[in-house]
Structures are given as C-alpha cells and as structure tokens.
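To start, the structure itself, in structure tokens.
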Amino acid sequence: MSVFCFILVSVILGPFLIRATFAIVDSIRPLESISDGRTLVSSDGTFQFGFFSPSTSKNRYLGIWYKNIPVQTVVWVANRCSPINDSSGTLTINDKGNLVLLSKNKSVVWSTSSLKQAQKPFVQLLDSGNLVLRDEKDANSENYLWQSFDYPSNTLLAGMKLGWDLRRNLTRRLSAWRSFNDPCDGDFTSGIEYDARLHTYPEPAIREGLVKFYRNGAWNGKTFSGAPEVRPNPIFDFRFVYNDDEIYYTYTLKNKSLVSMIVVNRTTRVRQNLVWIETERTWRPFTTIPRDQCDRYGLCGANGNCVMSETPVCQCLKGFKPKSLEKWNSMDWSDGCVRNSPLSCNDKEKDGFMKFSGLKLPDAEHTRVNKSMNLEECRAKCFSNCSCMAYANSDIRGKGSGCVIWIGDLLDIRQFLTTEQDLYVRMLASEIEKAREDRNVKRTVIVISVVVGVVCWMILVGLYICKRRQLHERKEKKRKCESQEEDLDLPSFDLPTISNATNSFSEKNKLGEGGFGPVYKGIMEGGQEIAVKRLSKCSGQGVNEFKNEVKLIAKLQHRNLVKLLGYCIDGEEKLLVYEYMPNKSLDSFIFDEKQSKLLEWPKRFQILCGIARGILYLHHDSRLRIIHRDLKASNVLLDKEMNPKISDFGLARSFGGDQIEGSTNRVVGTYGYMAPEYAFDGQFSIKSDVFSFGILMLEIISGKKSRGFYYEKPGLTLIGHAWKLMKEGKAAEMIDMCLRDSYNNMEEVLRCIHIGLLCVQQSPDDRPNMSTVILMLSGERVLSQPKPPAYFTETDIKESDHSSSSQFISSSTCDMDISLLEPR
503 MSVFCFILVS VILGPFLIRA TFAIVDSIRP LESISDGRTL VSSDGTFQFG
553 FFSPSTSKNR YLGIWYKNIP VQTVVWVANR CSPINDSSGT LTINDKGNLV
603 LLSKNKSVVW STSSLKQAQK PFVQLLDSGN LVLRDEKDAN SENYLWQSFD
653 YPSNTLLAGM KLGWDLRRNL TRRLSAWRSF NDPCDGDFTS GIEYDARLHT
703 YPEPAIREGL VKFYRNGAWN GKTFSGAPEV RPNPIFDFRF VYNDDEIYYT
753 YTLKNKSLVS MIVVNRTTRV RQNLVWIETE RTWRPFTTIP RDQCDRYGLC
803 GANGNCVMSE TPVCQCLKGF KPKSLEKWNS MDWSDGCVRN SPLSCNDKEK
853 DGFMKFSGLK LPDAEHTRVN KSMNLEECRA KCFSNCSCMA YANSDIRGKG
903 SGCVIWIGDL LDIRQFLTTE QDLYVRMLAS EIEKAREDRN VKRTVIVISV
953 VVGVVCWMIL VGLYICKRRQ LHERKEKKRK CESQEEDLDL PSFDLPTISN
1003 ATNSFSEKNK LGEGGFGPVY KGIMEGGQEI AVKRLSKCSG QGVNEFKNEV
1053 KLIAKLQHRN LVKLLGYCID GEEKLLVYEY MPNKSLDSFI FDEKQSKLLE
1103 WPKRFQILCG IARGILYLHH DSRLRIIHRD LKASNVLLDK EMNPKISDFG
1153 LARSFGGDQI EGSTNRVVGT YGYMAPEYAF DGQFSIKSDV FSFGILMLEI
1203 ISGKKSRGFY YEKPGLTLIG HAWKLMKEGK AAEMIDMCLR DSYNNMEEVL
1253 RCIHIGLLCV QQSPDDRPNM STVILMLSGE RVLSQPKPPA YFTETDIKES
1303 DHSSSSQFIS SSTCDMDISL LEPR
C-alpha cells in the first residue's frame, strides 16, 4: 500500500475514520489553529488526535488530548521517547495494515504491531478516548487489530484497564512524564504487582525506578486493604477483576457528562484521580496518594505498624520489639521489629495465631494464594510451613473465602480503623496468653472506671445540691449577659476557671502582647493546654464588636486555621480561649539564625501549601467569604507537628454571596504586607490577601523580613530584590543560605519564587486567586511571566506610609497599625 501525504477524512455515523491511508501533517503551531482534516476528533467532540508540542518544547509528538479543555491535557502519546524535530510528521497505514509514523526522510518513528492482517484497515477515535485500528468488516464490533488503551501513557481514562492480560502476556501500567516538556516514560510508574509463576496476591503499587514508593494493599473483594476511601461514591464505579485470564483495575463514570482521569505525576510524586470543574475551569483532585506519612512504603520496617494517631507513628506489632532500640528511639525505623521470643516450628502447643483487625495487609510480594480454601484450611496450610508468618482470607465478602499466606517478614503495615480486613499473625502461645491477660486487665479497668465514675457522679450530685444557690446565682448572671446578644455557638467559660488556668494571669504565663492585649498560656483542670487572649480596655472593642468577632471565628473550621475553643465575658473582662500552639509562630523560626536551620525546605514547602489551603478556605470554601487583612509570619502559628495554622482574625472582614471586595477609611494591618491598593486607597479584596501571601512566600524562601529589608540592600525592598534577581536569571541567590543543603528539587524552589512574584504584582487583576496558586504550587498550572511588582524600591514604601497616615484614620489608640500578637 503506497503512502499518501493527505487523504480525505469523511464523517460516517459521527466518528472520523481514516481509511486506507491517513496523514497528519502539522505545519501550524499551536494545535488549535490547525485546519480541519489534519486532526481526528471523537464523535462527541471530547477527544482530539493529532500532533502537539508539550509546554515550552519545540518537539512534536503524536497524541490524544481533551479538545474542549483550555488547559492542554494530553492523555496519550504515541512517540513518547521519539520526538519529531519539525512539522513534517506523517501518519499512514502501511501495506501490512499497521499504523506507521514517518519523519521527513520517511524513516519510521513509531508504529503499531498488529498480528492480524486486515483487508480494509481504518482508524477511529472513540468517544472513550481510545484510538483503535480495525478492519472494515468488523466495524461494529470490539474486535480491534490494535488499540491505544493497551499501551497507556501517564493517564488512566474511564474504561481503560490497569493490570495484566495473562492470555496475551500483556502488562498495562502508567508511567509519568519525565518533565512538563518531555512525555518519555519516566521512572515513576503505577501498575498491578503480580508474579504469575508463584501465584502471589495481586495489588496495585507505585514504583520509583525499581524501588516501591507506595502500594494500595491487595484487593479483598470489597476494596483495597490500604485504600479504605475507595468505596461507593456518586462520581464513579470501580471494578477489580482477578481470574485465570486477567488481573486488572478499571472504573466507569456514573455521570457520562463528567470528565475524569487518573494521572501519575513525577514532579509532585503523586497519583491523583482528577475531575474537571467547568465552572472553575480547573482540575480538582478527588483522591490523591500518597496521603500521609504512613503511606510511605516500608516506613516502619519489618513487622512494624504505622499508626497516624500515635507519636511516633511507628509501633511494633504485639509480640515484637525494635531490632535496634537506639535507632528506633532516634526515629530511624528502617531495621524494623523482631519477635520477643523465637517461634517453635510445627509445635501446636507452643505456637498459635493472633488476630489483628483494621490493618492494611502486608506487602504481597512474598505471598501464596489459593482461592478455593476456607479460613480453617488456610490456618492449617500456614501452620505446616515454618516460613509462613501470617494468613488471611483473600475475599472478605460474606463469611470470607480464599486463602493468602505471607512468607517471611511482614512489611508495610498501617492501621486503618475503617477497614474490615483481619490478619492472623503467627505467635508463641505465651505471647497470645499474655495478650489475652492484657485484654482481661483492660476489661477490669473499664469496670472499675465505670464504678468509680458512678460514685464520683453521686458525689458531684451532692456537691451540686449543696452549692445550688451559688450555681443559680452564676447562671442568672450568665443568662443576663447572654440575653444581650444571640447565641455564639461556642462554650462560655467563667472568669474563675480562666484565672485558675493562667495562675491569675501570671507574668510567668505570659506569651506576648499585641495591639489588642496580652496572651497567656493556661492549663485547664483536665490537663488541656490553652492560650488566652485578654483584650485590653484600650483595644477599642466593645461587647458587640467582641461578640461579632467570636461569631466570625466560630464558623471557621479548617486544619490550617487556629481553633477557637471558647470565650468569656465578665464585666469589662473580654477573653478569647484558643488551642495552644507549642511551636509558637512562623517568624520565630524563619527569622532566627539558629531556629531557621531546623526548618528545612521540604517542611517550609509543606507550610507554604498549608497556609495556601487555609487562605483558600477563607476565600472560597467557608460559609462566609473571609478576607483576613493581616496575613504575616507572626500570625501563622505552628503546632507540635509543625503544621501551619492561620491566626489573628481581629481585623478580618466577612462577605456574603458573591462579594469579593470592599473599602474602608480605617486602614489597619502591618506595613510590609499590605497590598498597595489597600495601603493607598483603603480598597481590600481577596487579591489583597494574595499579595500578603506572596510577601510571606518570599520571606519563607529567603529568611529575610519584608519590612526593613532595604537596610541590607540600599534602595530595594525584598520584592524589588526578588524581581531584580529573577530578571537577571539569578533567582537562586534569593534562597536562604541555611536551605542550600536541604532541597533536592531546585525547580520547586524557583517555582515558588516565581509564584511569589505573581502574587505581588501591582494590579490586583494580574494576581492569581488562591485556587490557582495551589494548582501552581502542585505543578499543575503553567506559570505566566509576572509583571513588575508593587513596592519595588524604598521610596514606594515611604510613599505608602505617608499616604496611609495622611488619608486614613488610625485604627485604635493601641497602635493597631501593628496587629496583635496571637496565642502561641
């Protein structure tokens, strides 16, 4: 069959078909401007097939992408590692009925390998995104000569199979692009792990090179034991097939109008199930793995159990102890755990099995499966093999069926309270008896606790009766106070309780003092640590303003916002009770020479992402749209795990509906973080918070304060310094010296500097919103070039200070232009 450059692409029953020969010659870039007939479009218009260039690359590839999504989203690439350097590529069907991609000199760049000779072959792009080669006589069947779904790239679409076709010896797995510009197979892969020779327990896993990075846990008939979140949902149905012919995972969409895909990303080192949100014009993650520290493969070593609710997260299984106690106590868990006492092989009087519930089953690499056995037969099979360390049902549906046994050490276990899987681990009978005694002791303790509780309750009732008059008086006083305003939906503490907790507001308990008043550390009677903000009389806040602030903060519930536990109003005393943050504020780390060394780049990047998620919640996801107006390093508190929590909502403003901006003639906040439109004209919006976040990003990266930076670099602010370095191609000089050895991904750090400069652009319209910032941080959004920033020089800062002080009213007599110190 001869090769033609172009043939007429006809529309027959909807799909675009390529008959006999088909050529795609790309002479115009980008793809959107290619004329009709040079690309292939699915009948429903969802997918498009043709030549494209990824990101900023000039190389040309043949692939499939979503036609109507403005963000270029490529789902399959033919010549992944064999790009064409010009626009001369030609696709044709050769005389053997295979698709062949030819370069300018007619050399073969890529081709299919159909084993069956077709008489009249043609190509069709299905509505599912599957590119198929078929014979005209089988045009209405699924008897394809070749299909792209058998050779996935980095994306799993609805209807695709991820796994093994044992009849054809075909393995379907995802492999991430090497970079944004290079779709060649990277070392970050996702597939189904299975050894057909040994009949191991199949399970999905992600590898980085040859090393396991994450695994889902084996399929137990209902879900994956390590992914309990994969359960029935309103978006998609999933299916895992495990038989003698095939082992694969697939999913289908319940709503055919939805656009969804599963993607592996080498840059962010995650696998995500993404859903396209048309109203927001963005991809939103439905699930992301790995999810947390315990998802890291083999974190706790052999026979270790990762429990996210424990500190530290790694615990040895019952009957086991750390192999190296010194390493274990220094949080090096790589050696794992060993048995307290060695097993006695084949002695039923000395050995037995202990049941563990709610676990992600161990790594299935060294397993054996027999789907016809019951649990008792499985136990006997494991007991007869001295190397067998555990057994379980392979299918937990109904009463359970099938048998899987583990040979050797148990790896990569974690605790899940929601999973239904039981694992039976081989133990000495003495260890099992000890565990039984421990359970009996716990039952006894519970019974005693109940009895003691009843007695204490009776004593408390007696005390209540004796002090009824006092309590009645306090209740009346509290009722009068509460009748002034509506219910605040928060606990109200009385003043004696707070006074006792803070040792009568002792100076030793004082954490600091800001514009609204001092902050004290307190300990409640139950041992709970709290932080108490005591509003000073000169704060300018009356009872109504105070209650409005409490009602505002009470409605905010997010892991990256500081939690308000309650309040107290007693006469002129107005107190706010917060959760206590043991690591104080972010500025105590990044601006301190010694402390900054403890905050390496991965943790700083995690803090940046946490702050961004908190601001996104305030702007878009909370019941009221909140503009913080005073974002800065000292208002970001760190919990014991160094997770960031935004605090200080004394200056925040809330809006309803679609309102995203406002104005004021009282400019309050902290200079060095205020957006120019706010400092000069009193105009604030969600974009003024974005500006403050951009300043905070540059401070976290550089370790330098925005306010006063020009004393180190005469004439330039921190923003100006960052802009100048970026324009000169020296952005790396911006990075804090103490971080130079803590990051492995320079691209990630430079990307954050770039994002910071996008956030501090002069015009609010040029700045991204927080949802876009989060996409940029995750590497899912191409970065535009920033325009010149605000406050480029010291002169800009002075003009801002002068303008604000001359045009607007001071916020309070307590120097509210420097905001209050939040509880630590």
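For the sequence shown, the residue numbers in our numbering are 503 to 1326. Built from N, CA and C at the ideal position, the CB exists for glycine as well. These numbers were taken from a predicted model, which means no experiment stands behind them.
Please report the Cβ distance between residue i and residue j, rounded to the nearest whole angstrom; I am assuming they are in contact, meaning their Cβ atoms lie under 8 Å.
| i | j | result |
| --- | --- | --- |
| Y703 | T869 | 4 Å |
| A660 | Y753 | 6 Å |
| P572 | R783 | 6 Å |
| L668 | A698 | 6 Å |
| L1067 | V1079 | 5 Å |
| M856 | K820 | 7 Å |
| R658 | L676 | Before going on, a small fix: residue 658 reads as Leu here, not Arg. Right, the Cβ-Cβ distance comes to about 6 Å (below 8 Å), so this counts as a contact. |
| Y1069 | S994 | 6 Å |
| L1126 | S1156 | 4 Å |
Judging by CA-CA distance, which residue of the options is the nearest neighbour of residue i?
| i | options | result |
| --- | --- | --- |
| V840 | D834, R680, D853, G806 | G806 |
| G547 | K560, L617, I566 | I566 |
| L1259 | D697, N876, S1273, Q1287 | Q1287 |
| Y1175 | H1130, K1147, R1155 | H1130 |
| D588 | R741, F553, A804 | F553 |
| S826 | N842, W908, T813 | N842 |
| S1008 | E1027, S994, R1036, P993 | R1036 |
| M1248 | D1072, P1104, Y966 | P1104 |
| D652 | M662, S643, S874, R768 | M662 |
| C802 | F822, T790, Q774 | F822 |
| R1253 | N1271, T781, E1282, G728 | E1282 |
| F551 | G631, T558, G591, V610 | G631 |
| D629 | Y1119, T920, L542, V963 | L542 |
| N895 | G723, R741, L973 | G723 |
| H1122 | K758, N1271, L919, E644 | N1271 |
Cβ of residue i within 8 Å of Cβ of residue j?
| i | j | result |
| --- | --- | --- |
| M1236 | A1224 | yes |
| N735 | F726 | no |
| G1029 | V1021 | no |
| D1141 | N1062 | no |
| S1098 | G1210 | no |
| L617 | V625 | no |
| P1266 | E1179 | yes |
| I1148 | V1064 | yes |
| S613 | L603 | yes |
| V1251 | I1203 | yes |
| P1279 | L1110 | The sequence shown places Leu at residue 1279, not Pro. Going by C-beta atoms, L1279 is nearer than 8 Å to L1110. |
| L992 | A1056 | yes |
| L1101 | I1092 | yes |
| M763 | V577 | yes |
| Q917 | C808 | yes |
| N876 | S859 | no |
For residue i, is the classification buried or exposed, using 16 other Cβ atoms within 10 angstroms of its Cβ as the cut-off for buried?
| i | result |
| --- | --- |
| C905 | buried |
| C796 | buried |
| Q986 | Confidence in Q986 is poor, its pLDDT being 45 and thus under 50, which makes the residue's placement unreliable; the coordinate value appears in the next sentence. With fewer than 16 other Cβ atoms within 10 Å, it is exposed. |
| D495 | This structure gives no information on residue 495, because the portion of the chain shown stretches from 503 to 1326. |
| A1033 | buried |
| S1208 | buried |
| K606 | exposed |
| D443 | Coverage of the chain is limited to positions 503 through 1326, which leaves residue 443 absent and any answer about it impossible. |
| A882 | exposed |
| P1146 | buried |
| D528 | With a pLDDT of only 36 at D528, under 50, the local geometry of the prediction cannot be trusted, and the value read off the model is given with reservation. Burial call: buried. |
| P824 | buried |
| E1201 | buried |
| S886 | exposed |
| S544 | buried |
| I526 | Low confidence applies here, because I526 scores a pLDDT of 40, under 50, leaving its location unreliable and the question unanswered by this model. |
| K1344 | Nothing in the structure corresponds to residue 1344, since the chain is present only between 503 and 1326. |
| D538 | Confidence is the limiting factor: at D538 the pLDDT is only 31, short of 50, which leaves the residue's position unreliable and the question unanswerable from this model. |
| V761 | buried |
Practice task
Please determine if the region 1184-1194 and the region 1130-1137 are in contact, where contact requires at least 3 C-beta pairs separated by less than 8 Å.
Solution key: Below 8 Å, enough C-beta pairs join the region 1184-1194 and the region 1130-1137 to call them touching: three or more.
Handout entry: At least three beta-carbon pairs within less than 8 Å, the region 830-847 to the region 683-693
Key = By the Cβ rule, the region 830-847 does not count as touching the region 683-693, because fewer than three pairs are nearer than 8 Å.
Handout entry: Contact the region 549-563 vs the region 578-586: 3+ CB pairs below 8 Å
Key = In the pairwise beta carbon analysis, the region 549-563 is classified as touching the region 578-586: at least three pairs are separated by under 8 Å.
Exercise for the section: State whether the region 854-866 contacts the region 909-922, with contact taken as three or more CB pairs (one from each stretch) at a distance under 8 Å. Expected result: When Cβ pairs closer than 8 Å are counted between the two stretches, the region 854-866 is seen to touch the region 909-922, the count reaching three or more.
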